[in-house]
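Structure record follows, encoded as structure tokens.
Number of protein chains: 2
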Amino acid sequence: MRLLIAECTVDYLGRLTAHLPAAPRLLMVKADGSVLVHADGGSYKPLNWMSPPCTLVESGGDGDELLWTVTNKAGEQLLITIHQVFEDSTHALGVDPGLVKDGVEAQLQKLLAEHIHTLGQGYRLVRREYPTPIGPVDLMARDPQGVAVAVEVKRRGEIDGVEQLTRYLELLNRDPLLAPVHGVLAAQEIRPQARVLAEDRGIRCLVLDYAQLRGIDNVEDRLF
Amino acid sequence: MRLLIAECTVDYLGRLTAHLPAAPRLLMVKADGSVLVHADGGSYKPLNWMSPPCTLVESGGDGDELLWTVTNKAGEQLLITIHQVFEDSTHALGVDPGLVKDGVEAQLQKLLAEHIHTLGQGYRLVRREYPTPIGPVDLMARDPQGVAVAVEVKRRGEIDGVEQLTRYLELLNRDPLLAPVHGVLAAQEIRPQARVLAEDRGIRCLVLDYAQLRGIDNVEDRLF
DNA sequence: CCGTAAATGTCGTCG
DNA sequence: CGACGACGTTTACGG
Numbered sequence: 001m002r003l004l005i006a007e008c009t010v011d012y013l014g015r016l017t018a019h020l021p022a023a024p025r026l027l028m029v030k031a032d033g034s035v036l037v038h039a040d041g042g043s044y045k046p047l048n049w050m051s052p053p054c055t056l057v058e059s060g061g062d063g064d065e066l067l068w069t070v071t072n073k074a075g076e077q078l079l080i081t082i083h084q085v086f087e088d089s090t091h092a093l094g095v096d097p098g099l100v101k102d103g104v105e106a107q108l109q110k111l112l113a114e115h116i117h118t119l120g121q122g123y124r125l126v127r128r129e130y131p132t133p134i135g136p137v138d139l140m141a142r143d144p145q146g147v148a149v150a151v152e153v154k155r156r157g158e159i160d161g162v163e164q165l166t167r168y169l170e171l172l173n174r175d176p177l178l179a180p181v182h183g184v185l186a187a188q189e190i191r192p193q194a195r196v197l198a199e200d201r202g203i204r205c206l207v208l209d210y211a212q213l214r215g216i217d218n219v220e221d222r223l224f
Numbered sequence: 225m226r227l228l229i230a231e232c233t234v235d236y237l238g239r240l241t242a243h244l245p246a247a248p249r250l251l252m253v254k255a256d257g258s259v260l261v262h263a264d265g266g267s268y269k270p271l272n273w274m275s276p277p278c279t280l281v282e283s284g285g286d287g288d289e290l291l292w293t294v295t296n297k298a299g300e301q302l303l304i305t306i307h308q309v310f311e312d313s314t315h316a317l318g319v320d321p322g323l324v325k326d327g328v329e330a331q332l333q334k335l336l337a338e339h340i341h342t343l344g345q346g347y348r349l350v351r352r353e354y355p356t357p358i359g360p361v362d363l364m365a366r367d368p369q370g371v372a373v374a375v376e377v378k379r380r381g382e383i384d385g386v387e388q389l390t391r392y393l394e395l396l397n398r399d400p401l402l403a404p405v406h407g408v409l410a411a412q413e414i415r416p417q418a419r420v421l422a423e424d425r426g427i428r429c430l431v432l433d434y435a436q437l438r439g440i441d442n443v444e445d446r447l448f
């Protein structure tokens, strides 16, 4: 990895065109040739960048200037003019062992499947990832009367989730052996507009308490 | 901005939990206190990070180790254990003048508005950004028979765009002075599933050729 | 400050 | 390799 602190001007010509006036910035060149231009603020997103795979060509500009031309397969270009270099260092980091994550939605789905009575007393789980032609429904269950219930699990319930579940329900209800199929949107948090849309379509909204779902585990652990 | 090249272990405890085993990495601390952990690959996204506003507390760990505890308002934590420092430098960059962008969807919308006959001969533009209670429709037009046509412009047509246009159409069709309102999804590229969904709902799909739309300009430039 | 839509989104997974 | 959905999405824009 090469790090430069330098005054530079940057132009991106690709899916859009963008320009950065001259200013001191951090230029990061990674081992795979990708380039990041960072300012001393903002968030983790660089001001400008080129993702790998790409190639960097260094050439002389006017006077003491350097011109970097970074190009990718699609022909997108990042043009960096370096006016003054304040620091320039290179470091061999090696391949990173990588990030280990504990998911959220998958956990919620698993927990809700294990405690399907969170939907109400007498509910039974049919299966997780119930297949449909347009993708799997997170959970399929039966209510105490035996009516099919399709459950969409989200961390945050938003309009997208309602639309997604609506498409599943429309398809599932075409199956005379399954219909009628009710819908439940289950999430740790449900946005007001998503709730309005869901309830307008007869979809029940269920707010999940992650801690409580795990708490139920603990209680049962004590019982057995 | 402070840059460290260091062997470190990182844990994030927040919306999820994530762990990075010990390895040499770049640690970037920005002036606003935000912290980025970068490897020598991947894309512009750090392996781990904390967005501002947040606070960094440095304390001693076991032996020569250093422990950074980065905390934000929501109580999320980024814990960085620094085992060995290979380089440590600090640079004053000042406030960045910022990025100037030329958008894409806005350009497409403008071009299509200027060449509304791309929809078909005899089409007339009513207005861009036609207001509805849930937000503006990109373009409103009339077909040769005077029927209202709502157009949603995207760079890439995906299911979301179809849903968005569907919501607009549902609302617009409630207005007896406007109904019936037809729908058109116009994009440089339309995904197969979006096309199926759109056509199932009677929404026409129109693939836009950016170069050709500008080419039409050129031809007209030559004529006048 | 909340809510929605856009993003040079990026990233994983699965066909 | 393309399509599709999730993301610690982040970010910009409007009410």
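Keeping their order, the protein sequence lines are chains A and B. Residues 1 to 224, numbered by my numbering, are exactly what the first sequence covers, in order. Residues 225 to 448, numbered by my numbering, are exactly what the second sequence covers, in order. The C-beta atom is built at its ideal place from N, Cα and C for all residues, glycine as well.
Using a C-beta to C-beta distance shorter than 7 Å, which residues of chain B count as neighbours of residue i?
i, result
"H19 of chain A", "V324"
"H83 of chain A", "Correct list: empty, because the minimum Cβ distance to chain B is about 14 Å."
"E163 of chain A", "E387"
Could you give the first and the last residue of the continuous beta strand (DSSP E) run that contains residue i?
i, result
"P192 of chain A", "Not the beta strand (DSSP E): P192 of chain A falls in the alpha helix (DSSP H), residues P192 to D200."
"R428 of chain B", "I427 to V431"
"P21 of chain A", "T17 to V29"
"A298 of chain B", "Counting along the chain, A298 of chain B falls outside any beta strand (DSSP E), and DSSP gives it neither H nor E."
"Y12 of chain A", "R2 to L13"
"G60 of chain A", "C54 to G60"
"H91 of chain A", "Premise fails: H91 of chain A is in no beta strand (DSSP E) and is neither H nor E."
"L260 of chain B", "V259 to H262"
On the DSSP letters alone, give me the boundaries of the alpha helix (DSSP H) that residue i sits inside.
i, result
"Q109 of chain A", "E105 to E114"
Using a Cβ cut-off of 8 Å, pull out every chain B residue sitting near residue i, in sequence order please.
i, result
"A186 of chain A", "What A186 of chain A touches in chain B: nothing, since even the nearest Cβ is about 18 Å away."
"E189 of chain A", "Ordered by position in chain B, no residue passes the 8 Å Cβ test against E189 of chain A, which lies about 11 Å from the chain."
Mind checking who residue i pairs with in its DSSP beta bridge?
i, result
"N406 of chain B", "At residue 406 of chain B the sequence reads His, which differs from the Asn that was named. H406 of chain B is bridged to B:V373."
"E289 of chain B", "Answer is none; E289 of chain B lacks a bridge partner."
"Q308 of chain B", "B:E231"
So which residues on chain A does residue i lean against when the C-beta distance must stay under 8 Å?
i, result
"V328 of chain B", "R15 and L16"
"E423 of chain B", "Per Cβ cutoff of 8 Å: no residues; E423 of chain B is ~15 Å from chain A at best."
Give me the chain A residues within the contact set of residue i, using Cβ-Cβ distance strictly less than 9 Å, ordered along the chain.
i, result
"E229 of chain B", "Before going further, note that residue 229 of chain B is Ile rather than Glu in the sequence given. Simply M1, L3, S89, H91 and L93."
"L303 of chain B", "Those within 9 Å of L303 of chain B in chain A number zero; the least Cβ separation is about 14 Å."
"D433 of chain B", "The contacting residues do not exist; D433 of chain B stays about 16 Å from chain A at best."
"D384 of chain B", "D160 and E163"
Can you name the residues of chain B whose CB is closer than 9 Å to the CB of residue i?
i, result
"A24 of chain A", "The sequence given here has Pro at residue 24 of chain A, not Ala. Result: H315, A316, L317, G318 and D320."
Along chain A, in chain order, which residues have C-beta atoms closer than 7 Å to that of residue i?
i, result
"A255 of chain B", "D40 and G41"
Near-chain A residues of the stretch 287 to 298 of chain B - C-beta to any C-beta below 8 Å: Result list empty, no residue passes.
Beta strand (DSSP E) runs wholly inside the stretch 96 to 180 of chain A, at least 3 long, in chain order: Segments of the beta strand (DSSP E) lying fully in the stretch 96 to 180 of chain A: 100 to 102, 124 to 130, 137 to 142 and 148 to 157.
Short of 7 Å Cβ to Cβ, which residues in the stretch 358 to 382 of chain B face chain A? Answer set for the stretch 358 to 382 of chain B: empty.
Going along the stretch 257 to 284 of chain B in order, which residues come within less than 8 Å of chain A, judged by CB to CB distance? Taking 8 Å as the Cβ-Cβ cut-off against chain A, the residues of the stretch 257 to 284 of chain B that qualify are S258, L260, H262, A263, D264, G265, G266, S267, Y268, K269, P270, L271, N272, W273, S275 and P276.
Of all the residues that make up the stretch 331 to 357 of chain B, which are near chain A by a beta-carbon distance shorter than 7 Å? Flagged: no residues at all.
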